[in-house]
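Visitor:
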Amino acid sequence: MTKTSVLRGLIFKEIDDLIISSLGIVIFISFFIGGVVTIQTALNLNNPLIPKSLIAFTARQSIILEFSPTFISIIMAGKVGSNITSSIGTMRVMEQIDALEVMGINSANYLIFPKIIAMLFYPFVIAISMFVGIAGAYAAGVLGGFVAGEQFLNGLQNDFISFHLVYAFIKTFFFAIILATIPAYHGYYMKGGALEVGKASTTAFVWTSVVLILANYLLTQLLLS
């Protein structure tokens, strides 16, 4: 059994590696995708009878319900998933996992458990993605001259259903478990040499993406239907 003090240090390290280091790319993508959603919506709502506030409403719904929880998770499957698979797979190739077992250390507990705990902070990343995505939508809509600032804010508040946020974070919790476990499985049980580490990372990304999409469908059916 890994000592509590050692386990705590491993968890903080994984939070830094998996969560904190991912914020930059998440913020960058969220801001510009929010802007793109707004511009595309504005260009398609060219009927003068349709209120401009609908631009903000559409952007909000797109970002909260699907873009931030699902699209960002698929991107994270590439970044975080590859990190997990390659780090554990490299230890398997270099026989460091076998060395841990010889020393009487539970290798799965030592290597995988801290990653799962760290990924439980993943909803924090999605919350930032939602905020930045809406900020990007506001900037593109208002600064681009598609909608007035007051109209955008009105649309942002129009018909807001608080359960949609609950739904998004429930999905995010399940996605976090998927992002931690599937790549860890492929890294921990891989066989071969350095070349197979790359193959395992690719396989882990594919399977993680597939499971994320299937889970997204099932959770949407269960929570929103």
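Residues in the sequence shown are numbered from 1 upward in steps of one, following UniProt numbering.
By construction, the Cβ of each residue, glycine as well, lies at the ideal position given by its N, Cα and C atoms.
1) Quick one: is F160 buried, meaning 16 or more other Cβ sit within 10 Å of its Cβ, or exposed?
2) Who are the near neighbours of F31 in its chain, counting only those whose CB is closer than 6 Å to its CB and skipping five residues on each side?
3) Can you give me the Cβ contacts of S129 inside the same chain, cut-off strictly under 7 Å, excluding the 5 residues immediately before and after it?
4) Nearest-angstrom Cα distance between N154 and A42?
5) Within the chosen definition, does the segment 205-216 reach the segment 76-92 through at least 3 CB pairs nearer than 8 Å?
6) Quick one: does the C-beta of V93 sit closer than 7 Å to a heavy atom of the ligand PLP?
7) Is the separation between the beta-carbon of M119 and that of A176 shorter than 8 Å?
8) Return the chain-ordered list of same chain residues with a C-beta closer than 7 Å to the C-beta of S62, the five sequence neighbours on each side being excluded.
9) What do you reckon, are the CB atoms on G89 and G187 nearer than 8 Å?
Guide: A quick look at the data gives this:
1) Working through the sequence shown from its first residue, we reach residue 160 at position 160. The residue in question, F160, is exposed, as its Cβ has fewer than 16 Cβ neighbours within 10 Å.
2) Residue mapping note: residue 31 aligns to position 31 of the sequence shown, counting from 1. Same-chain partners within the cutoff: V132 and G136.
3) Start at 1 with the first residue of the sequence shown, and residue 129 comes out as number 129. Cβ neighbours of S129 beyond the five flanking positions: V26, S30, S68 and I72.
4) The residue given as residue 154 occupies position 154 in the sequence shown. The residue given as residue 42 occupies position 42 in the sequence shown. One C-alpha to the other measures close to 16 Å.
5) yes
6) The ligand content of the structure shown is nil, which means the ligand PLP is not present either.
7) To locate residue 119, count along the sequence shown from 1; it is residue 119. To locate residue 176, count along the sequence shown from 1; it is residue 176. By the CB criterion at 8 Å, M119 and A176 fall inside the cutoff.
8) Stepping through the sequence shown from its first residue, residue 62 is reached at position 62. The answer, listed in chain order, is V37.
9) Translated into the one-based positions of the sequence shown, residue 89 becomes position 89. Translated into the one-based positions of the sequence shown, residue 187 becomes position 187. Cβ distance < 8 Å, so G89 and G187 count as in contact.
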